[in-house]
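Here the structure is laid out as structure tokens; the discussion comes afterwards.
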Amino acid sequence: MKSCGVSLASTTSFRDDGKKMAAGKESSECKDGSVSLTDEEKQLLGGLDSRLFGFIRLHEDGARTKTLLSKAVRYYESLILKAEGKVESDFFCQLGHFNLLLEDYPKALSAYQRYHNLQSDYWKNATFLYGLGLVYFYYNAFHWAIKAFQEVLYVDPSFCRAKEIHLRLGLMFKVNTDYESSLKHFRLALIDCNPCTLSSVEIQFHIAHLYETQQKYHFAKEAYEQLLQTENLPAQVKATVLQQLGWMHHNVDLLGDKATKESYAIQYLQKSLEADPNSGLSWYFLGRCYSSIGKVQDAFISYRQSIDKSEASADTWCSIGVLYQQQNQPMDALQAYICAVQLDHGHAAAWMDLGTLYESCNQPQDAIKCYLNATRGKNCSNTSSLAGRIKFLQAQLCNLPQGSLQNKTKLLPSIEEAWSLPIPAELTSRQGAMNTTQQASKAHHPKTEPVLGLSQTPMLQQSLPVHMIHSSQVDGLSSPAERKRTSSPTKHLEQLRANKDHLNPAQKLMLEQLESQFVLMQQVFHKGQSSHMSGSNDEQPPFSTGPAQYLQAASVGIQKQTGHRTLPSNLVTQGAALNHISSHIATSGGQQGINLTKESKPSGNRSLVPEISRHAGDTPNGCVIAKGLSNHVQQLIAEPVCSPNHGDCTSPDLLISDSPQISATVIGKVSEKTSNNHPPVHTKTDNSVTSSHSSMISTTTSSTKSTAQTVTHSVIGLNSPQNNVHKVNREELENLQSSTKTNLPIISLKSGPQIIPSMSVSIYSSSTEVLKACRNLGKNGLSNSRIFFEKCPPPRPPTSPYPPLPKDKLNPPTPSIYLENKRDAFFPPLHQFCTNPKNPVTVIRGLAGALKLDLGLFSTKTLVEANNEHVVEVRTQLLQPADENWDPTGTKKIWRCESNRSHTTIAKYAQYQASSFQESLREENEKRMQHKECSDNESTSSDFSGKRRKGPFKTIKFGTNIDLSDDKKWKLQLHELTKLPAFVRVVSAGNLLSHLGHTILGMNTVQLYMKVPGSRTPGHQENNNFCSVNINIGPGDCEWFVVPEDYWGVLNDFCEKNNLNFLMSSWWPNLEELYEANVPVYRFIQRPGDLVWINAGTVHWVQAVGWCNNIAWNVGPLTACQYKLAVERYEWNKLQNVKSLVPMVHLSWNMARNIKVSDPRLFEMIKYCLLKILKQCQTLREALIAAGKEIIWHGRTNDEPAHYCNICEVEVFDLLFVTNESNSQKTYIVHCQDCARKTSGNLDNFVVLEQYKMEDLIQVYEQFTLAPSISSSSS
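Numbering (full-length UniProt numbering), first residue to last: 1 to 1275.
Here is the structure:
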């Protein structure tokens, strides 16, 4: 907490000084109406920034603080207006903080983005990045929130709100289905002893639910049961855990036989209801359990209770319909289904069941209508079977005699008639009454708070029905007097253009702003995504789908609306799915929760999932907002839909919720410097690790409506402030226009936000000067442990190279070298050609023959004879065409390329490999017979090709990551590889990985791959961007796909769009999408004996064409390019919370000891790394000594691996933080300084072990000098 310079105690000081502030209020209001701040108020404001968000209760006892913040906002706005925006950037940062604390998110976003544009080194300001991340999180813009939060932890790992960041990252990754990253961040939050908006038991619940979401049911069950053993477990957490256990026992077959499972499920759910009798969700689950065991009456009672508690549950009504249908009560079933689809127009399961009901009553026309509605539903999983059923019914209708249907008596009313049946009509009227009643009750319970704090932080679901949000809920956010209807910006622009000759100065200014933004918007809109050209500032607008939406966002900020709306379809997994741990409100209003798991199938032809109820206050159709985490995932409102009460659709009325006066300065005047008010694009430079960062909200919503029905946004919440609608002050704008000719001095802000300090010391400084510069830097010297250039912002993926390649250059020929003899293999230009950065890949043909390599040593037969019990990792995959990747059903192309992991032995895999070959021979013979019998060979081939594309696909097994590092077991094989040229050998003086001093399996050791046709190595870059060598042993071929390193940012973007982690997930690129994005792809065949050299950073993926074995390893050429790319990836991994297998700090010091470097660029980079680490070690050492912490000498053993933090997995160099227990047991579980302090603030539970004497490091640093250049003629 001290490192942030702010504490929770500071929040109480505002209450104590409240009277003084109130007393000085009159004096601070000037006679001319302007606002001023007293020195005391300025001092109080100095301690307020984004770090206090969620920790000061403005809605409870912080009224005086809120008054001060509001006054400060007015004061800053007036200063900015008077200075025409020519103020220091810190003004905007502070303004963003104040608006964030006031929960005025549109104005906070506007101010933060203005600061971003003005401050080139904005990334050094951790509080700014944190505040920006909170705003993005509020708007469900997870893509940008994740980036902002990751940058906070990168620039300041000891940030006092690191626990809060890890929590939110865990939630966002969970929604994005990146479960591995989610689990890591939840665990990092759990070990942190600092305050957070969720308790440890709530974080543990999220971890348990994460296991359940991944279908790791035994881990989930164990975690849930462990939670129940916690002492003083809050009642709401206990109820939710029991609810989850009950529903999991009902759903999961792995947990026992049906009778036992249902018995446990009912017991758990009954206990859950004892803890929380008002949970409509638990009542619903209990009804499902009773229904499954045939207790119809108990099921009806439970469903009735669920409806009484939660009212608007489409799933409950659908289940009631199923129960009625099973009891042969079609009329009652019909009414229940109609209730379900009225509550949720897109409830595919209810539409399917309704269609089945009509079909069973011989009413095919109504059945067809229902099935068509089901196919349009957002959760429809069997569209193809429904389409077949629709065609069948339509064929039946065509064959019926004319008039036969009209003359037949209908058992059920038609779908149109059923819409107004008594129960559905009563339901919709009751909904309206409930809305009115609960809006009133909301005013009587201002301090009502959910027990499980993350208010809008959602629980991930498989498929989530989306409900309507009523206008009454939106209207409740601001009083009618504060809401002013305005025309859309497009209409405003048209009006200004029509009266161009009669405009006053203020209107002309507004016209110029709107026109420039409209032109910019059109460019962005037509591109469909952010332009990543060098030097361009065009970015994708927030929440926009077309010109009108962008114009709204750019000119007046985020807007509010009224009217019936629903969530956009593409935000279901973000807004709807992000509903936190059963965010219940402990009042008599009934269920205020969300559903936590997917639902099983109550009938044979459909799949149901429980809804997520979004309640505003106690309202059944809104969103629960807690005070614990004030801005967690708000609902973004989208296109108009038909109301269940009446069949018409309404267009939104737009409300402007940002200040036009500030917009004129913050947005309009900004055009002098940037093209819009959004963060600019950073272009890649030679010295920079970074490329492009678009700090824009990227959650764009889809809309097919006209621009008159533009997408707007509403923030729904109990504790959200009522954002006033400001009027445009034309006099001020006129004054602003008239004073533009005056060059005003820039107003400065004395006390700026906390900036991460940088210390510039030249690499040519002596060690004495370096150590002197490290004095008095504070205890957090090691926190900012970047080893690359200080002037660079956090690393970012590169933008696509500009100008884009023409389409005829997207399939370039693969660089290939053909060897005829040994002399060719050892010819120096071959090494230079391979390591040339312009060649992303090189195929060396005929290498084995030229060097007389005995590839038979790596054949399956020899491997079995040598070590038949050796372990083989097996990946079970689907056999697919090499240039395509389909989902398991064969219905659509996807990027995700999943495989299941298991293990076997070389002998067993060899048996599989041989049997697979024999089976293929039999299939080939059968095909030949078919070809002889079939006259149309082309037709047969086409049919077979089609079958491959549609699935189901054949399952294959790929033997991978077979370790050949043991020189005793594999002596002959490893000795054979010493025949290779030095630059491709596993061990050589010119290979950086040979200087690590320890083994990294698969990198500086050989790995073997045993393949059958179709075996896939998914897309990836090598660890830390090192080069790789791959030799095909044969007898079959392999097909390779290669993309140059410059384009990895484009592939990273594609992975993010497909909810995949570029570094950790398995993915197979869609070639059509790559070509559309102007990404060149090298494609070639690797034959037996060919060596493929993958250059540093090259992206590649491989598929076996035949039966073959391959051997591979990594090498690190001693070049500036290789070292630079390795360090860049080291830093990118740190930003992404991914472990770097190559410890670049440890390697750099070993290189300084062992290698003479003559390349000036490589020397400077290594020397700079040494300088940074030397500074960090000295600074931390002095801080520990000053704090009275003993440093114990530990030293290093030969071949001791580099050390990584056991918690966050960053590399730890020299000073190791080890727990007292681990030290006494000599297990030496290492922590970094930041994780150690999070676990034990004063490090009482840790000892510090020293591995290097400072004198030794200084000596290495001093002796590492630039060597004279070697003559180019020498070999």
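Every residue gets a Cβ at the ideal spot worked out from N, C-alpha and C, and that includes glycine.
Computed from a predicted model, the values in this text were never measured in an experiment.
The criterion of a C-beta distance shorter than 9 Å is not satisfied by G280 and A299. A111 has its alpha-carbon roughly 16 Å from the corresponding atom of L48.
Exclusion of the five residues before and after V1050 leaves S800, A1077 and V1079 as the residues of its chain whose Cβ lies within less than 6 Å of its Cβ. Assigned with DSSP and collapsed to three states, R901 falls in strand.
With a cutoff of 9 Å on beta-carbon distance, A239 and S263 are scored as not near each other. Here DSSP, grouped into helix, strand and coil, assigns I1031 to strand.
Taking the Cα of F1217 as reference, the smallest distance to any Cα among W1107, F1246, Q918 and Q1176 is reached at F1246. Of all alpha-carbon atoms in P981, L1171, N839 and S859, the one lying nearest the alpha-carbon of N1095 is that of N839. Checking the DSSP bridge columns, you'll see G959 partnered with V874 and M1010.
Per DSSP, L1171 is one residue of the alpha helix (DSSP H) stretching across P1160 to A1186.
As DSSP reads the structure, Q1103 sits in a beta bridge with R1016 and E1039. For the segment 827-870, the full-length beta strand (DSSP E) segments reaching 3 residues or more read 841-845 along the chain.
For Y1130, the enclosing alpha helix (DSSP H) covers residues A1120 to L1135. Listed in chain order, the alpha helix (DSSP H) elements of length 4 or more contained wholly in the segment 83-131 are 89-101 and 105-118. With distances taken between CA atoms, H1194 lies nearest to Y1228 out of T1179, R1153, E1209 and Y1228. For S34, the CB contacts under 6 Å within the same chain, skipping 5 residues up- and downstream, are S78 in chain order. The criterion of a C-beta distance shorter than 9 Å is satisfied by I962 and V871. In this structure, the CA atom of T127 is about 8 Å from the CA atom of V152.
K1189 carries a coil assignment under DSSP once its states are collapsed to helix, strand and coil. Taking the CA atoms as reference points, C1027 sits about 19 Å from V1145.
Counting C-beta pairs with one atom in each stretch, the segment 1161-1168 and the segment 956-972 have fewer than three that are closer than 8 Å, which means they do not touch. Contact check for L1180 against L1215 passes: the beta carbons are separated by less than 9 Å. Cβ-Cβ distances below 6 Å link E359 to A367 in the same chain, with the five nearest sequence neighbours on each side left out; the list follows chain order. Beta-bridge partners of A1112 (DSSP): Q1007 and N1030.
In this structure, DSSP gives P1117 an extended state, which the three-state scheme calls strand. The DSSP-derived three-state label of T1265 is coil. Rounded to whole angstroms, A350 and Q236 show a C-alpha spacing of 31 Å. DSSP places T240 inside the alpha helix (DSSP H), whose first and last residues are A235 to N251.
In its chain, beyond the 5 residues on either side, A882, R1016 and E1039 have a beta carbon closer than 6 Å to the beta carbon of Q1103. Taking all protein chains in view, the Cβ of N1198 is surrounded by fewer than 16 other Cβ atoms within 10 Å, so the residue is classified as exposed. Between G1014 and R1087, the CB-CB gap reaches or exceeds 9 Å. Between S384 and Y371, the alpha-carbon positions lie close to 11 Å from each other. Residue nearest to D1037 within the set F142, T1219, G1106 and H975 is G1106 (criterion: CA-CA distance). Looking at the backbone, the Cα of G46 and that of F91 are separated by about 12 Å.
Approximately 12 Å separates the beta-carbon atoms of I1000 and V1115; this is outside 8 Å, ruling out the contact. The three-state reading of DSSP puts I817 in strand, counting E and B together.
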